[in-house]
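K.L.:
Structure provided below as structure tokens; questions to follow.
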Amino acid sequence: MQSTEKQEFTTSRGTRFMGISLLIGIPTLLIFAFLLSPADDNMDDAVRLIYVHVPMAIFAYVAIITTGIGSVFFLWKKSRWWDTVAHASAEIGLILCGLVLITGSIWGRPTWNTWWEWGDVRLVTTLVLFLMILGYLALRQVPANPEMRAKRASVVGIIAAVNIPIINRSVEWWENNTLHQKSSLTDGKLENLTLFTLFLGFIVVGISYLWLMTHRFRVGWMTTEIETAGIAELIEERLNEGNSTVVNSQPQQKDGTK
Amino acid sequence: MFRDAWLVTKKDLLIEIRSRIVINQIAPYTLLILVLFGFALDADTETLRDTGPGLFWVSTLLVAILAIQRSVDIETSDSAIDRLMLSGISPTSIYIGKTIGLYIQLIILEVMLFIVMVVLFDMSVESYPLIIASAILTTLAISSSGTLYGVIASGLGVRETLLPVLFLPVLAPAIIGATRAFGDAFGRVSSDGWAWLGLLSVIAIVYTLVGMLTYGNILEDT
Amino acid sequence: MFRDAWLVTKKDLLIEIRSRIVINQIAPYTLLILVLFGFALDADTETLRDTGPGLFWVSTLLVAILAIQRSVDIETSDSAIDRLMLSGISPTSIYIGKTIGLYIQLIILEVMLFIVMVVLFDMSVESYPLIIASAILTTLAISSSGTLYGVIASGLGVRETLLPVLFLPVLAPAIIGATRAFGDAFGRVSSDGWAWLGLLSVIAIVYTLVGMLTYGNILEDT
Amino acid sequence: MSTVINLDQSIVFLGQFPALTGVTMSIDQGEIVLIKGPNGAGKSTLLHLCAGLLPMRSGTGTVLNFDLQRQRMELRPHIGLLGHRTGLYPDLTVKENMKFWASAYGSNDNEIDKAMAFFGLSGRLESVRSQNLSEGQRRRTAFALLLIKRPSIWLLDEPYAGLDDNGRELVNSCILQAVEAGTTVLIASHQINNIGKSDQRTLQVKGGRITIEPEEPSKGDDHVS
Amino acid sequence: MSTVINLDQSIVFLGQFPALTGVTMSIDQGEIVLIKGPNGAGKSTLLHLCAGLLPMRSGTGTVLNFDLQRQRMELRPHIGLLGHRTGLYPDLTVKENMKFWASAYGSNDNEIDKAMAFFGLSGRLESVRSQNLSEGQRRRTAFALLLIKRPSIWLLDEPYAGLDDNGRELVNSCILQAVEAGTTVLIASHQINNIGKSDQRTLQVKGGRITIEPEEPSKGDDHVS
Ligand code: HEM
Ligand SMILES: Nc1ncnc2c1ncn2[C@@H]1O[C@H](COP(=O)(O)OP(=O)(O)OP(=O)(O)O)[C@@H](O)[C@H]1O
Ligand SMILES: Nc1ncnc2c1ncn2[C@@H]1O[C@H](COP(=O)(O)OP(=O)(O)OP(=O)(O)O)[C@@H](O)[C@H]1O
Ligand SMILES: [Mg+2]
Ligand SMILES: [Mg+2]
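Chains as they are written, first to last, in the numbering used here: chain A, -4 to 253; chain B, 25 to 246; chain C, 25 to 246; chain D, 13 to 237; chain E, 13 to 237.
Right, here's the structure in full:
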């Protein structure tokens, strides 16, 4: 973090490393997904979406849970660091969650013959999660006292995080009524190469998450830094205003300050 | 702590009795919703009865939003909130008190709504205990998260709009569960309604706890 | 007269934009109502589509209540109403202005709600002219009676117990008519939707006239 | 000079409570009348009655020759009332508030600027939402609104509350200037006893009724108590 | 005597606006401090800060030995604040308002009766809803609520606004009595320059900062500006 104070950009050795790994990882994933891994027996080529769909779903959860943890620590330690973490993670969570919805819909079109199914629990709960994050970010956008806003947002973040288990377990609870895949990972029915590609997917999405996180965190940190830097100026203005009021109302008085 | 909470509850209920905003202005809408749906779907009363449970909870939730806003307005309209925060009543007590106040009002509304629905839609109840248990838990989830979110959405200069945006997704799982439980209690679906009570209790308890723990943090900076 | 009315409208809309009951905040709200309902009714999308028109108007009405309350609050919260009454703007202009302000907000809301509903519930429209005509008339009925009702309900003058008595019977026929018209436009019911437009226009016109004629009397005694 | 306010045995009820219990007074054009009286005496109610904002239960009254029983609507545009509450739109900025009312009153931009500058509301404050103003700034805005309306009668309810020394002077100079131009000014205030003009009158309100006529009758008329 | 309020370079933001731009002051127990300054100077904000109702952006401060950064919650019960707005529940009667707060503060019925009688609120007014009170009656009620709370610090923001002569005297006598008993009183008011006690201090607030220390330092301490 010290480095951010000196640097113009949000890059550092760590993120550059991650960036480079992504440059290598993403093409590799694509190659494995589209060329090397086999098509599924009943899902055909559409199965290839699983390599991004599932990792993104998992990391969407990770992102929101990170937001929750950041929020708890912010309320506890009152440290801006945690607040910035929570905020950054939520934004990435929103993107991931949105991508899960999109890839899922694209996937659903050939496999279930529909873009969207209201009766499906997984779909609806994922949408609900998406809306929760949207609400969180809407609250963060409100023009208000930053401290007050941060506290309120933390509470919303915590509530969103405690909903993750509920949303995740929902498939089990709603069992009778879902089109959506049940844990095919744990069934152990996947072929080796498929499994490996999926594993690769996890790693790539994971690094992407970390990479985005660090950048977004630094941007957030710098934003507050800039705001803090502006304070002196605002205060100067305010003091002058005080003086000018004095001049207007009591012209005989020469010295307002000190 | 509970003495203070009860004070706050009593005060909120007294204000409601005096101003009758919830009863006179909010309650009629729930009835209107049911009547409208009755007409809108008339053709086929089976459909109507199938929608009954969902309709019940969706309208309860929407009316709850109005009631929550009212509960916040009571404190903020002439900045009584300042005095409340200086009063020495702990935020947890305020939270509990306002939650109970809201709870009581919502339960009364639900009873009315329920009676009207059963009569209008001609529905028959198979399991009253299930109805009562799920209503108790869901209303707790609504009022505990509502009290919390009401104050989160207030005083930001954004007015009413933020509340539904934040509040509805958080309650969606509870409402879904409650709808299913009611569906079973009315004999409209074949799922096991009692299984849903587990979900509902988890949600109700978690929200109440989060509310009790974090309400103070929010009040700190009003 | 219309210049003054337009002033009032502009002012109300500006306040709405400032206090951010703007498109991007209403959108999630309406979306959520539909999502919740979509899930509450679960299983069967035919049922969902059957309820679509009713759901549309019920949600519109609910959001309208918020908007009406807000429209009244704007004037009464810090007794701006006194200044308004002393301003020389005729009560009829105030009434028209506030009605138009409400109307514009509701129409925007309805367009969004409509799009979301058609997409989410996967509904197909058979007759756009019917949809548009009935929406225009019903919204006029809601906003004209809502403006009038709002000022009555705010405790200005007449006792507030009058309000449910006045408003509900007043709007129920309009909403029912609109639901039927929409039902036909979506091809969900076999009734003749255009026939309902007659009822809707009568209601809209009568309410607007009554509002224009009586608003002054209500304001006179504040 | 012509009589602009004339009340005879006016009784006004607020809810079930007789806030005015028979007020008889007459006020001439161009007068400054100070209304004094303990809390709850009925001063604010009296001003609202004169503004045509309250119905009379019984009695008769005319303001600017409009009958208070039948012509309140016609009377209102000629009245400027500054109440305990400022009646600004909290979500709008000071400038937006001014602009809206200016177009309602038919005042032009020049008048707005002058009034705002006069009350020290130019510059930064123009674009502050009125909910964020300090108490005194809010009252200054309310007074600026009164200025751009240019009514024939000013009814000021505690006009000085919340204003600083400078603000009070500005208000006083406004009042004196307005009276010069023929405006009639009624002031209900606990804070002052005279506003620096000799021919002002003081009315004492108590229990919803005017109790004592001032010992220094200003123009030898028969202002019956 | 012990210092009850101590602020060092306190900066407070309201939204994006620096309402206090670095306030440094220290106030001893039992002092009466008059806070003066033009409209919008930051007086109300300063009082809210001392009440623990606003977060400090930077600087340090203690009130009654509670840290203003970390212990605002603990501080608040010891503060009595009378703001520009009275904070009564409009739908409840005067008596009901009193009773609710009394039980929150742990005061008994006797204290309620005494406070209400003292401010002339007994009798008819007891059962009037506070929304129907006159401005002065509402402020009297707010003051009565302050009395039954018995806080260690009184923060009075324009306490005299809307009060009649009698009301002002009552308030003054309350203040003097409270100070005798060791209460510290801060008053922000445009209306008075002294409240009849010789060892009061005056602080001048301007542009969100304390500008001039009074020439008559009350107790020889180093109240740095
Ligand atoms: C809009 C539609 C969809 C959404 C919102 C969605 C959402 C999700 C989510 C949140 C998960 C993570 C669940 C977990 O592991 O806890 C997931 C996993 C998964 N999804 Fe989807 N999905 C959608 C469509 C589809 C479709 C169409 C298919 C394939 C036919 C599919 C197949 C899978 C599979 C195989 C998993 C891994 C399940 C596991 O191993 O636990 N999804 N989806
Ligand atoms: N609904 C009501 N029920 C009972 N009393 C009422 C009601 N409405 C108003 N009052 C009483 O009517 C009187 C109104 O007086 P008004 O506001 O005119 O007083 P005022 O002279 O302006 O006082 P202040 O100096 O405090 O502003 C008050 O005594 C108030 O208690
Ligand atoms: N959100 C905001 N944006 C801009 N300025 C603001 C905002 N909130 C408050 N202010 C300004 O902060 C200042 C608050 O001052 P404060 O209310 O403390 O003044 P005061 O000294 O009590 O004045 P008064 O004598 O009028 O009561 C005002 O100048 C106000 O315009
Ligand atoms: Mg008054
Ligand atoms: Mg102030």
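From the three backbone atoms N, C-alpha and C, an ideal C-beta is built for every residue, glycine too. In this text, all values refer to a predicted model and were calculated from it rather than measured experimentally.
Thinking just about the alpha-carbon of each residue, which of V234/C, D74/C, M25/C, T100/C is nearest to the one in S168/C?
P.N.:
As a first step, residue 168/C is located in the third sequence; it is residue number 144 there, counting from the start. That would be V234/C, whose Cα lies nearest to the Cα of S168/C.
K.L.:
Helix, strand or coil: how does DSSP classify M68/D here?
P.N.:
Residue numbering aside, residue 68/D sits at position 56 when the fourth sequence is read from its first letter. M68/D falls in the coil class under three-state DSSP.
K.L.:
Any chance the CB of S56/E is under 7 angstroms from a heavy atom of ligand 5?
P.N.:
The residue labelled residue 56/E in the question sits at position 44 within the fifth sequence. Yes - ligand 5 has a heavy atom lying nearer than 7 angstroms to the Cβ of S56/E.
K.L.:
Is Q60/E close to ligand 5? I mean its beta-carbon at under 7 angstroms from any heavy atom of the ligand.
P.N.:
Numbered from 1 along the fifth sequence, position 48 holds the residue referred to as residue 60/E. Per the sequence shown, residue 60/E should be read as His rather than Gln. Outside the cutoff, so no.
K.L.:
On the DSSP bridge assignment, give the partners of I227/B in chain order.
P.N.:
Taking the second sequence and counting its residues from 1, one reaches residue 227/B at position 203. Answer by DSSP bridge pairing: none, since I227/B is not bridged.
K.L.:
Hey, does I113/E have any beta-carbon neighbour from chain B nearer than 8 angstroms?
P.N.:
Taking the first residue of the fifth sequence as position 1, residue 113/E is located at position 101. Position check: residue 113/E holds Trp in this sequence, whereas Ile was assumed. Yes, W113/E counts as interfacial toward chain B.
K.L.:
Return helix, strand or coil for S22/E, following the three-state DSSP convention.
P.N.:
Numbered from its first residue, the fifth sequence carries residue 22/E at position 10. Three-state result, S22/E: strand.
K.L.:
Quick check on M85/E: does DSSP put it in helix, strand or coil?
P.N.:
Taking the first residue of the fifth sequence as position 1, residue 85/E is located at position 73. It is helical.
K.L.:
Please specify which runs of the alpha helix (DSSP H), each continuous and at least 4 residues long, are wholly inside the stretch 27 to 72 of chain B, giving them in chain order.
P.N.:
DSSP runs (the alpha helix (DSSP H)) wholly in the stretch 27 to 72 of chain B: 51 to 64.
K.L.:
With a 10 Å radius around its C-beta and 16 neighbouring C-beta atoms as the bar for buried, classify R82/D as buried or exposed.
P.N.:
Position 70 of the fourth sequence holds residue 82/D. Flag for R82/D reads exposed.
K.L.:
For A29/B, decide whether its Cβ has a neighbour in chain A, counting only Cβ atoms nearer than 8 angstroms.
P.N.:
The sequence position of residue 29/B within the second sequence is 5, counting from 1. Not an interface residue.
K.L.:
Please tell me whether D79/D has its Cβ less than 8 angstroms away from any Cβ of chain C.
P.N.:
Start at 1 with the first residue of the fourth sequence, and residue 79/D comes out as number 67. It does not: the Cβ of D79/D has no partner Cβ on chain C nearer than 8 angstroms.
K.L.:
With H, G and I counted as helix, E and B as strand and the rest as coil, what does DSSP make of D216/C?
P.N.:
Numbered from 1 along the third sequence, position 192 holds the residue referred to as residue 216/C. D216/C falls in the coil class under three-state DSSP.
K.L.:
Is G121/B helix, strand or coil by DSSP?
P.N.:
Reading the second sequence from its first residue, position 97 is the one you call residue 121/B. If DSSP states are grouped into helix, strand and coil, G121/B belongs with the helices.
K.L.:
Taking beta-carbon pairs under 7 angstroms, can you tell me which members of the stretch 96 to 109 of chain E lie near chain D?
P.N.:
From the stretch 96 to 109 of chain E, only H96 have a Cβ closer than 7 angstroms to chain D.
K.L.:
May I ask you to list, following chain order, the residues of the stretch 191 to 222 of chain E that have a beta carbon less than 8 angstroms from some beta carbon of chain D?
P.N.:
So the close ones are H202, Q203.
K.L.:
I think S95/C touches G125/C, with their Cβ atoms under 8 angstroms apart; what is that distance to the nearest whole Å?
P.N.:
Position 71 of the third sequence, counting from 1, holds the residue named residue 95/C. Position 101 of the third sequence, counting from 1, holds the residue named residue 125/C. So it is a contact: roughly 7 angstroms between Cβ atoms.
K.L.:
Relative to the C-alpha of E138/E, which candidate in D125/E, G148/E, L159/E has its C-alpha closest?
P.N.:
Reading the fifth sequence from its first residue, position 126 is the one you call residue 138/E. Ranking D125/E, G148/E, L159/E by Cα distance to E138/E puts D125/E first.
K.L.:
Please confirm whether W220/C has its beta-carbon closer than 8 angstroms to some beta-carbon of chain B.
P.N.:
Position 196 of the third sequence, counting from 1, holds the residue named residue 220/C. Output row for W220/C: interface = no.
K.L.:
According to DSSP, is G92/E part of a helix, a strand, or is it coil?
P.N.:
Translated into the one-based positions of the fifth sequence, residue 92/E becomes position 80. G92/E: strand per DSSP, three-state reduction.
K.L.:
Could you have a look at R213/E and say whether DSSP puts it in helix, strand or coil?
P.N.:
Position 201 of the fifth sequence, counted from the start, is the residue given in the question as residue 213/E. Looking at R213/E - three-state DSSP - the assignment turns out to be strand.
K.L.:
Just the C-alpha distance for M136/C and R117/A, rounded to the nearest angstrom, thanks.
P.N.:
By one-based count along the third sequence, residue 136/C stands at place 112. By one-based count along the first sequence, residue 117/A stands at place 122. Each residue's alpha carbon lies about 26 angstroms from the other.
K.L.:
Leaving aside the five residues before and after F69/A along the sequence, list all residues of the same chain whose C-beta is less than 7 angstroms from its C-beta, in chain order.
P.N.:
The residue you call residue 69/A lines up with position 74 of the first sequence. Closer than 7 angstroms at the Cβ level, and outside the excluded window around F69/A, lie W77, D78, A81, A145, S149.
K.L.:
Bridge partners for D169/D per DSSP, in chain order?
P.N.:
In the fourth sequence, counting from the first residue as 1, residue 169/D sits at position 157. For D169/D, which the question treats as bridged, DSSP gives the partners A200/D.
K.L.:
Are the C-beta of A205/B and some C-beta of chain A separated by less than 8 angstroms?
P.N.:
By 1-based counting over the second sequence, the position of residue 205/B is 181. A205/B does not count as touching chain A.
K.L.:
At 9 angstroms on the CB atoms, spell out the chain B contacts of F145/C, in chain order.
P.N.:
Taking the third sequence and counting its residues from 1, one reaches residue 145/C at position 121. Simply none; closest approach about 14 angstroms.
K.L.:
Since R175/D is in the alpha helix (DSSP H), which residue starts that stretch and which ends it?
P.N.:
As a working note, residue 175/D is residue 163 in the fourth sequence. The sequence given here places Leu at residue 175/D; Arg does not occur at that position. No alpha helix (DSSP H) contains L175/D, which DSSP labels as neither H nor E.
K.L.:
Does A193/E pass the burial test, meaning 16 or more other C-beta atoms within 10 Å, or should it be called exposed?
P.N.:
Numbered from its first residue, the fifth sequence carries residue 193/E at position 181. Exposed.
K.L.:
What does the alpha-carbon distance come out to for the pair I229/C and L207/A?
P.N.:
Position 205 of the third sequence holds residue 229/C. Position 212 of the first sequence holds residue 207/A. Near 58 angstroms, if we compare the C-alpha coordinates of L207/A and I229/C.
K.L.:
Beta-carbon of D20/D versus every beta-carbon of chain C: anything under 8 angstroms?
P.N.:
The sequence position of residue 20/D within the fourth sequence is 8, counting from 1. With 8 angstroms as the cut-off, D20/D does not count as an interface residue toward chain C.
K.L.:
State buried or exposed for T185/C, treating a residue as buried only when at least 16 other CB atoms are found within 10 Å of its CB.
P.N.:
Numbered from 1 along the third sequence, position 161 holds the residue referred to as residue 185/C. Caution applies to T185/C, whose pLDDT of 44 falls short of 50 and renders its modelled position unreliable; the value that the coordinates give is listed next. When all chains shown are included, T185/C counts as exposed.
K.L.:
Is the distance from the Cβ of H90/D to the Cβ of I165/D below 8 angstroms?
P.N.:
For the purposes of this step, residue 90/D is taken as residue 78 along the fourth sequence, with counting starting at 1. For the purposes of this step, residue 165/D is taken as residue 153 along the fourth sequence, with counting starting at 1. Yes, they are a contact pair.
K.L.:
So, is the C-beta of T123/C closer than 8 angstroms to a C-beta in chain B?
P.N.:
If you number the third sequence from 1, residue 123/C lands on position 99. No, T123/C does not count as interfacial toward chain B.
K.L.:
Contact criterion: CB-CB distance below 8 angstroms. Does S111/C meet it with respect to chain A?
P.N.:
Taking the third sequence and counting its residues from 1, one reaches residue 111/C at position 87. With 8 angstroms as the cut-off, S111/C does not count as an interface residue toward chain A.
K.L.:
Flag this pair as yes or no: are the beta carbons of E170/E and A200/E separated by less than 8 angstroms?
P.N.:
For the purposes of this step, residue 170/E is identified with residue 158 of the fifth sequence, where counting begins at 1. For the purposes of this step, residue 200/E is identified with residue 188 of the fifth sequence, where counting begins at 1. Yes, these two residues count as a Cβ contact at 8 angstroms.
K.L.:
Just to check my reading of the structure: L87/D and G54/D have Cβ atoms closer than 8 angstroms, yes? What is that Cβ distance to the nearest angstrom?
P.N.:
Here residue 87/D refers to the residue found at position 75 of the fourth sequence. Here residue 54/D refers to the residue found at position 42 of the fourth sequence. Wrong, their Cβ atoms sit about 20 angstroms apart, outside the cutoff.
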